[in-house]
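J.: For reference, the structure I am asking about is given below.
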Amino acid sequence: MADVLKDKIAIVTGGAKGLGAAIAVELDSEGARVVVTDIDGDGAAKTAAELARGESAVCDVRDDAAVEALVADVVARYGTLDIMVANAGIATVTPFTEMTMEIWHSVLAVNLDGVFSSVRHAGRAMAATGGGSIITMASITGFAGSPLIGHYAAAKAAVISLTKTAAVELRGHGVRVNAICPGFIGTDLVLDRKSQFEEALGIDDFGAVLDQAQGRLGEVGDVAPLAAFLASDRSRFSNGSTFVVDGGMSASLV
Ligand SMILES: NC(=O)c1ccc[n+]([C@@H]2O[C@H](COP(=O)([O-])OP(=O)(O)OC[C@H]3O[C@@H](n4cnc5c(N)ncnc54)[C@H](O)[C@@H]3O)[C@@H](O)[C@H]2O)c1
6 MADVLKDKIA IVTGGAKGLG AAIAVELDSE GARVVVTDID GDGAAKTAAE LARGESAVCD
66 VRDDAAVEAL VADVVARYGT LDIMVANAGI ATVTPFTEMT MEIWHSVLAV NLDGVFSSVR
126 HAGRAMAATG GGSIITMASI TGFAGSPLIG HYAAAKAAVI SLTKTAAVEL RGHGVRVNAI
186 CPGFIGTDLV LDRKSQFEEA LGIDDFGAVL DQAQGRLGEV GDVAPLAAFL ASDRSRFSNG
246 STFVVDGGMS ASLV
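Going by the numbering used here, the sequence shown opens with residue 6, and the numbers climb by one from there.
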């Protein structure tokens with residue numbers, strides 16, 4: 006693909022690093038103007054500095070008013086919002102019975118409420134300005150039980166559900182909403198928690214487990230091109246769908 010997103014205006018949440026940063030780079034390489042947002046303003050600015058047409062803004066997706074203001078600002082300046090990538094997310098490694106309500110809500114606040122705010126405000130703006138493409142960052146953990154990350158997996162299952170509802174409600178306005186469901190990708194979200202997984206699961210090498218399940222640890226470059234495809238009109242007949250990128254992990258029971 007080349008320039009398939011020419012002149013499109015995009016917001017990426019959680020774009021300071023990891024998957025969000027790679028998606029921002031990918032959208033930019035396809036011609037989009039990308040507003041890179043994150044709770045980490047310095048990180049977002051660093052990503053934006055790598056882009057041909059990038060800019061950055063601080064936005065905590067837990068703050069619904071801040072997300073609304075971000076979308077309003079982009080629409081006021083560019084007259085449109087074509088692409089929203091609701092990507093920001095966090096995790097803790099916590100056994101279900103040890104999970105406090107505080108830990109539970111802290112993860113749902115970002116991974117579910119933050120996505121809800123991003124989809125809601127982007128959807129409303131896109132419906133008013135001629136349509137667009139919204140991409141939610143779910144996970145294969147939304148399809149199955151996921152030891153030690155029950156809050157995270159519950160949020161991802163809910164994101165898959167809200168993606169479908171938003172797709173159906175907004176399709177009459179030219180807005181498509183699709184979810185990407187990665188397997189385990191080598192970002193800080195996973196790598197920083199590797200030893201915690203090993204300790205809690207009583208295994209020596211979480212990497213070896215992933216090698217068997219996925220073939221290898223995923224890379225951000227395995228996912229980012231899919232986001233560009235879903236953002237573009239080339240995916241125009243895809244709506245309310247879940248796109249799995251997991252090296253076959255969820256295809257197998259063993
Ligand atoms: N890495 C994986 O294996 C994997 C797999 C499936 C889904 N995902 C999802 O992909 C998304 C990106 O994850 P990643 O692996 O790149 O993680 P990451 O930790 O590398 O990056 C997450 C980014 O989100 C930002 N962020 C955290 N809280 C925020 C908030 N309240 N408001 C705005 N930004 C916030 C962080 O500052 C960071 O820049 C997440 O939704 C994650 O759940 C990741």
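Where is the CB? At the ideal position from N, CA and C, for every residue including glycine.
Note that the structure is predicted; figures quoted are calculated from it, not measured.
1. Report back the beta-carbon spacing between L24 and V225 to the nearest angstrom; my notes put them in contact at under 8 Å.
2. Once you ignore the five residues that flank G207 on each side, which residues in its own chain have a CB closer than 8 Å to its CB?
3. Grab me the residues of D193's own chain with a C-beta within less than 7 Å of its C-beta, minus the 5 sequence neighbours each way, in chain order.
4. List the whole-angstrom C-beta distance separating G173 from S122, where the pair is believed to meet the contact cut-off of C-beta under 8 Å.
5. The alpha helix (DSSP H) with E31 in it runs from where to where?
6. Anyone know if the C-beta pair for T18 and V80 falls short of 8 Å?
7. At a cut-off of 7 Å, would you count G212 as near ligand 1, judging by its Cβ distance to the nearest heavy atom?
8. Report the three-state DSSP secondary structure of G48 (helix, strand or coil).
9. Using 8 Å for Cβ pairs, my map puts M131 next to A91. What's the rounded Cβ distance?
10. Measuring CA to CA, which of L222, R239, K51, G119 is closest to D69?
11. Ordered along the chain, which non-local residues of its own chain (more than five positions away) have a Cβ less than 7 Å from that of V115?
12. Can you tell me whether I95 sits near ligand 1, meaning its C-beta is under 7 Å from at least one heavy atom of the ligand?
13. Quick one: measure Cβ to Cβ for A171 and L117, integer angstroms, because I've assumed they're closer than 8 Å.
14. Taking the alpha helix (DSSP H) that A70 belongs to, which residues open and close that run?
T.: Reading from the atomic positions:
1. 5 Å
2. none
3. K22, G23
4. It is worth fixing the name first, because residue 173 is Val in this sequence and not Gly. About 19 Å separates the two Cβ atoms, so there is no contact after all.
5. 23-34
6. no
7. no
8. helix
9. Wrong, their Cβ atoms sit about 13 Å apart, outside the cutoff.
10. G119
11. V66, R67, A93, G94, I95
12. yes
13. About 13 Å separates the two Cβ atoms, so there is no contact after all.
14. 69-83
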